[in-house]
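S.K.: Input: one structure, supplied below.
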Amino acid sequence: MRKVIFAVLAAAVVGTLGAAAPATAGPGRYYEVTGVDEDDMLKMRAGPGIGYRVIVGLPNGTLLRVYSCEQSGGTRWCKVALKQARGLEGYVSWAYLREN
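The sequence shown runs -25 to -1, 1 to 75 under mature numbering (1 follows the signal peptide of the UniProt record, and there is no 0).
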């Protein structure tokens, strides 16, 4: 009986952790750029903030691999690489990413 209760509690904890995953980027997960105006692009920057130079503009639908995220000022910035060009790395705002 104790094993059953333990298994149920363990499953509940794991389920709760899994439900929280979309709120924080998991290392190595792929995310899609979304929510950028049609006539604009998400700016991939050299560092986590608007004071860093823009490396490239990314349109909606671009797939990115997220390595880590950090808070800087009022924005959560994620270190990413393009799925199709992994050598191209930079930082983007978390607000424009959706798990793929």
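Glycine residues also receive a C-beta, built at the ideal position from the N, C-alpha and C atoms. Every value quoted in this text rests on a predicted model; they were computed, and no experiment measured them.
(1) Could you give the DSSP three-state label for SER68: helix, strand or coil?
(2) Could you tell me which of VAL41, GLY26, GLY32, PRO34 sits nearest to TRP69, measuring between CA atoms?
(3) How many whole angstroms separate the CB atoms of LYS58 and LEU38, which I take to be in contact at a CB cut-off of 8 Å?
(4) Which first and last residues belong to the beta strand (DSSP E) in which GLU13 is found?
(5) Round the Cβ separation of LYS54 and SER43 to the nearest angstrom and send it over; I've been treating them as touching at under 8 Å.
M.R.: Based on what the coordinates show:
(1) Working through the sequence shown from its first residue, we reach residue 68 at position 93. It is a strand residue.
(2) In the sequence shown, counting from the first residue as 1, residue 69 sits at position 94. Answer by Cα proximity: VAL41.
(3) For the purposes of this step, residue 58 is identified with residue 83 of the sequence shown, where counting begins at 1. For the purposes of this step, residue 38 is identified with residue 63 of the sequence shown, where counting begins at 1. Yes, LYS58 and LEU38 are in contact; Cβ-Cβ is about 4 Å, under 8 Å.
(4) Residue mapping note: residue 13 aligns to position 38 of the sequence shown, counting from 1. No beta strand (DSSP E) holds GLU13; DSSP gives it neither H nor E.
(5) Translated into the one-based positions of the sequence shown, residue 54 becomes position 79. Translated into the one-based positions of the sequence shown, residue 43 becomes position 68. Indeed they touch by this definition, with Cβ atoms about 5 Å apart.
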